[in-house]
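Beneath this line is the structure, given in C-alpha cells, with notes to follow.
Protein chains: 2
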Amino acid sequence: MTYLDDFEFFGNVNKAHDFLDALKSGNFLFSLVISYTETCEIPGITFAGADKDSIKFTSPADAEYLYYGYCKTIDKIPMTPDGKPTPALLTKTALESCSIPHVVINAGSKIPPQLPFIHTGLVHGKNISVESAMSDSQVSQAVDYGRMVGRSLASLTDCLIIGESIPGGTTTALAVLLGLGFKAKVSSSIPNNPVELKNQIVNLALGRLTSDNPYHVIAEVGDPMIAFVAGMLSSASEITKVMLAGGTQMAAVLAFASKIGFNEQNTAIGTTSYISNDNSANFTSLVSEIADIPIISVNPGLENSNFLGLKAFSQGFAKEGVGAGGSIIASMIKTGNNSTHFLMLSEKEYHRLFTSL
Amino acid sequence: MTYLDDFEFFGNVNKAHDFLDALKSGNFLFSLVISYTETCEIPGITFAGADKDSIKFTSPADAEYLYYGYCKTIDKIPMTPDGKPTPALLTKTALESCSIPHVVINAGSKIPPQLPFIHTGLVHGKNISVESAMSDSQVSQAVDYGRMVGRSLASLTDCLIIGESIPGGTTTALAVLLGLGFKAKVSSSIPNNPVELKNQIVNLALGRLTSDNPYHVIAEVGDPMIAFVAGMLSSASEITKVMLAGGTQMAAVLAFASKIGFNEQNTAIGTTSYISNDNSANFTSLVSEIADIPIISVNPGLENSNFLGLKAFSQGFAKEGVGAGGSIIASMIKTGNNSTHFLMLSEKEYHRLFTSL
Chain A
195 MTYLDDFEFF GNVNKAHDFL DALKSGNFLF SLVISYTETC EIPGITFAGA
245 DKDSIKFTSP ADAEYLYYGY CKTIDKIPMT PDGKPTPALL TKTALESCSI
295 PHVVINAGSK IPPQLPFIHT GLVHGKNISV ESAMSDSQVS QAVDYGRMVG
345 RSLASLTDCL IIGESIPGGT TTALAVLLGL GFKAKVSSSI PNNPVELKNQ
395 IVNLALGRLT SDNPYHVIAE VGDPMIAFVA GMLSSASEIT KVMLAGGTQM
445 AAVLAFASKI GFNEQNTAIG TTSYISNDNS ANFTSLVSEI ADIPIISVNP
495 GLENSNFLGL KAFSQGFAKE GVGAGGSIIA SMIKTGNNST HFLMLSEKEY
545 HRLFTSL
Chain B
195 MTYLDDFEFF GNVNKAHDFL DALKSGNFLF SLVISYTETC EIPGITFAGA
245 DKDSIKFTSP ADAEYLYYGY CKTIDKIPMT PDGKPTPALL TKTALESCSI
295 PHVVINAGSK IPPQLPFIHT GLVHGKNISV ESAMSDSQVS QAVDYGRMVG
345 RSLASLTDCL IIGESIPGGT TTALAVLLGL GFKAKVSSSI PNNPVELKNQ
395 IVNLALGRLT SDNPYHVIAE VGDPMIAFVA GMLSSASEIT KVMLAGGTQM
445 AAVLAFASKI GFNEQNTAIG TTSYISNDNS ANFTSLVSEI ADIPIISVNP
495 GLENSNFLGL KAFSQGFAKE GVGAGGSIIA SMIKTGNNST HFLMLSEKEY
545 HRLFTSL
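Chains A and B supply the protein sequences, listed in that same order. Using the working numbering, read the first sequence as starting at 195 and increasing by one per residue. Using the working numbering, read the second sequence as starting at 195 and increasing by one per residue.
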C-alpha cells in the first residue's frame, strides 16, 4: 500500500494531482500561526485546554512543543480535560520524520511563546458574542502584515504550509463563512459538536453586521488569524505553492481571501479524513463553493492505534489543528511513507511524551 | 571588467574561491540582526544617528527602510548629523537588484521596528564603561536563541548572510576582541576614529574581567548582537554556507564563535574594501588570527559617485554596516554585475531618497 491510498481528493481533483506532482521534488516550509479570540472563553465552546484558565496557554504551548518537544509556558503539552493530546503531536511527528523546517508566527496570541517567533504586534480578538472582534484598522494591519510575512516566507520555499492554533476558532470561522454568504456547517474539536451554542453565538455576532464588506465582516465576527492568514495566502500564492493546512478555519481563511484576492493556481487545502468525512459538517462542498482549488485529505490511520489518545482523533476529538493534516501530507510526499509508518512514528512520540511526563 | 575585479581576498584565499564557486548556483537569504548597547550614548562614540536622542531609532529605522523603502519610526532614513546616509542604502540597493529575500531579527533593539520581525525577547546591552553589558543568563539565552534562529534560517537557503545594525557596536566589539585575547585595532563609523575615547571605555570595561571565560567576557564587555550572531553562526554553519557581513563587529562575533564552536568550512566574512583597506585598523590580519576562513572584500566603486553622500563611504564614513559589503558581494555573484553597475543603482536609490524627502 502506498501513501496515495491514504489520500482522497475533493474539489478540483485534476489540480490535486498537479499539485502533488509539483511538490515531489520540492522543499516545504511549515508556518504555524498562533492567535487568540476571547470567544473561546464562553463555557462549553472548546476543549482545547485542560480547563478554562489554561486555554490561553494552548497556542503558545503548541508552538513550544513543536520547537522543543516539550512546553515551557505550561508543564505538559496541551490536552483536553480528560487527557487527549493536542493535534500538534501529529504535526511534530510529521515534520520531524522528514526534517521540514518550521517557523512560528504570533498573530494575536494572548501569551507569547517562549521561543524565537515572528512578531506582528497584532492583539487578540474579542468575544464576538458581545462585541466587535477587531477594529477596522486592526483588520487592515493583520492583512498587511500577513501579506508581508507571506511574501518573505514564500520566497524561501517551493511550498508554504500554513497551520493555525487558535482555541475557539471554529466558532469565529463559522461566523465569517456565514457573514460572507457561504452556507457553512462547521466542525468542532468536540465530537458532540455544540451546534446550538455555536449558532447562538454566531447569530449574536452576525446581528451586528451592517454590510457584507469583507473587512467589516472580519472586524465584527472574525479573529486575527483569519485576517492574517488570508493576507499570507494572498501574497504567497503569487510566488509559490501554498497549502492551507486545516479544516473549517482554513475554509474561512479561503472565504476571506477570495474577496481580497489570491492565486488559485498555487493553492490547495490539506486536511485529515476526520474533517473531510465529518457528516455533521459540509467541508468539501463548502470549499468547492468558495474556490476552484484541490482539497487533499489524508487518513492518518489512527483508528488502528492501541493508544486511546491517538485513536480519539479518528473518533471526532480535535480531528485536525496545528496544521496536522497538511503536515502529514507533506511528510508522506517527502518520505514516501504511508499511514502505517506514520502511525508507528506517532505511537513512538506518544509513548515518549506520556512516559516522560 | 567583471565583478571579480572588484573583489579582493584575504585570510584563507583558496577557500574564498571555493566559497564563491559554491554560491554561484545557490540562493541567498539575508538576515539583519538589530540590537542596542547603551555604550552608544557616550558622547562622541558614534555618528550613527542625527543626534544623541535619535540613535536608538537607527536600528529599527534601518530595518524599516530595508522593508518599505522608507522609515516608520522616524521621518527620514538614518543619517549622520551632517546628512550622510546609513549604509542600509547600499544593502537595499544590493538586495533589490537580485531579489534576495531578507528577514529582520530583533536581538535587543531599544525600539522595536514597525514591521513583522523575529522576536527573541532579548533586552539591550548596558553601557560597558560603567557596568556589565548583560547578565550571564542573558548571554546564554542570546546564544541559545541565536542557535535556534540560525538553525531555522539555515535550512531555508544555500547561503545565510548575516548583517547587523547596533550603534556603538565597534566599541563593544573592540572590548570583546581584546577580552578574548586578540590584538585588535578597531574601525569606526567616524573617519577620525576616536581612538582615545574608545580605549578609555574599553579599558574601564576590561578592568571588570575576572577571567577569560568567553561567556564572562561577553557578559561584562560585549553586547547582545555579538552573543546572538555567534549562536546563529554556530548552528547555521553546520547546515549551510554562512557569510558574516560586516567589519570589526563580525570579527568580534567570530572571536566568540571560535570559543563556542562553529564550522569553519562553511563560513566566510564579506565586507567592503573601506574596511579591509583601513590602515587605522588591522581587520584582515585580525580575522586570520581568529579563524582559518576566507575574507571576501568588495570595492563598491563609490569613490566615483557624483553624490557626496555616497562618495563619503569611500572616504571613511560608515564604511560598512547593515551587512552592506556581504549584500553587495551576493548581488554581484547573482547578477554578474560589477561595481560600475552597482554604483549606477546606488545613485538611483540615493536620488529617489533625497528627492522624495
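Beta carbons: idealized from backbone N, C-alpha and C, even for Gly. Here the structure is a predicted model, which means the values were calculated and not measured.
Within the DSSP bridge table, the entry for B/L438 names B/I356 and B/I463 as partners. DSSP places A/S225 within a strand segment (E or B) once states are collapsed to three. For B/I420, not one C-beta of chain A is nearer than 7 angstroms to its own C-beta.
Per DSSP, A/F422 is one residue of the alpha helix (DSSP H) stretching across P418 to A430.
B/G530 is classed as exposed because its beta carbon has fewer than 16 other beta carbons within 10 Å across all chains shown. Annotated three-state conformation of A/N300 is strand, per DSSP.
Secondary structure at A/S491: strand, using DSSP grouped into helix, strand and coil.
By the 16-neighbour rule on beta-carbons within 10 angstroms, B/R546 is exposed.
Relative to the Cα of B/K377, the nearest Cα in the group B/S521, B/N476, B/P275 and B/K304 belongs to B/N476. Within its own chain, the residues whose Cβ lies closer than 8 angstroms to the Cβ of A/S349, once the five positions on either side in sequence are excluded, are I433 and T434, listed in chain order. B/Y339 is classed as buried because its beta carbon has at least 16 other beta carbons within 10 Å across all chains shown. With its beta carbon at least 7 angstroms from every one in chain B, A/S329 lies outside the interface. Per DSSP, the beta-bridge partners of B/F203 are B/I490. What B/M426 touches in chain A, judged by beta-carbon distance under 7 angstroms, is nothing: the nearest beta carbon there is about 10 angstroms away. Distances from the alpha-carbon of A/I299 to those of A/T285, A/G315 and A/L284 put A/G315 closest. By the C-beta criterion, the segment 499 to 507 of chain A is judged not to be in contact with the segment 398 to 414 of chain A, since fewer than 3 inter-stretch pairs fall below 8 angstroms. Here B/G340 carries a helix assignment [DSSP, helix/strand/coil]. The shortest C-alpha to C-alpha distance from B/F511 to any of B/D472, B/V481 and B/M538 is the one to B/D472.
Per DSSP, reduced to three states, the secondary structure at A/G519 is helical. Within chain A, no C-beta atom comes nearer than 8 angstroms to that of B/T404; the closest sits roughly 31 angstroms away. Shown here, A/H211 sits in a helix according to DSSP, grouped into three states. By the Cβ-count criterion, A/M538 is exposed, with fewer than 16 other Cβ atoms from all chains shown falling within 10 Å of its own Cβ.
Going by beta carbons, B/T461 and B/S470 fall outside the 7 angstroms limit.
Three or more beta-carbon pairs drawn from the segment 356 to 374 of chain A and the segment 218 to 226 of chain A are found closer than 8 angstroms, and the two stretches are therefore classed as touching. Excluding the 5 residues flanking it on each side, B/N493 has same chain C-beta neighbours closer than 7 angstroms at D200, S467 and S533, in chain order. The C-alpha of A/S491 is placed about 45 angstroms away from the C-alpha of B/Q332. For chain A, the residues of the segment 307 to 323 of chain B that bring a beta carbon within less than 9 angstroms of one of its beta carbons are Q308, L309, P310, F311, I312, H313, T314 and G315, in chain order. Counting C-beta atoms within 10 angstroms of its own C-beta, B/Y261 has 16 or more neighbours from the protein chains shown and is therefore classed as buried. Following the DSSP letters along the chain, one finds B/F501 in no alpha helix (DSSP H), marked with neither H nor E. Cβ neighbours of A/N221 within its own chain (closer than 6 angstroms, five residues either side excluded): T351 and D352. By the Cβ neighbour-count rule, A/M342 is buried, with 16 or more other Cβ atoms within 10 Å of its own. Straight-line measurement puts the Cα of B/V447 at about 56 angstroms from the Cα of A/G375. Across the set B/G373, B/V389, B/Q394 and B/F422, the C-alpha of B/G373 shows the shortest separation from the C-alpha of B/N407. CA-to-CA, the gap between A/D269 and A/K304 works out to about 18 angstroms. Exclusion of the five residues before and after A/Y259 leaves C265, I271 and A282 as the residues of its chain whose Cβ lies within less than 6 angstroms of its Cβ. In the three-state DSSP reduction, A/H318 falls in the coil class, being neither helix nor strand.
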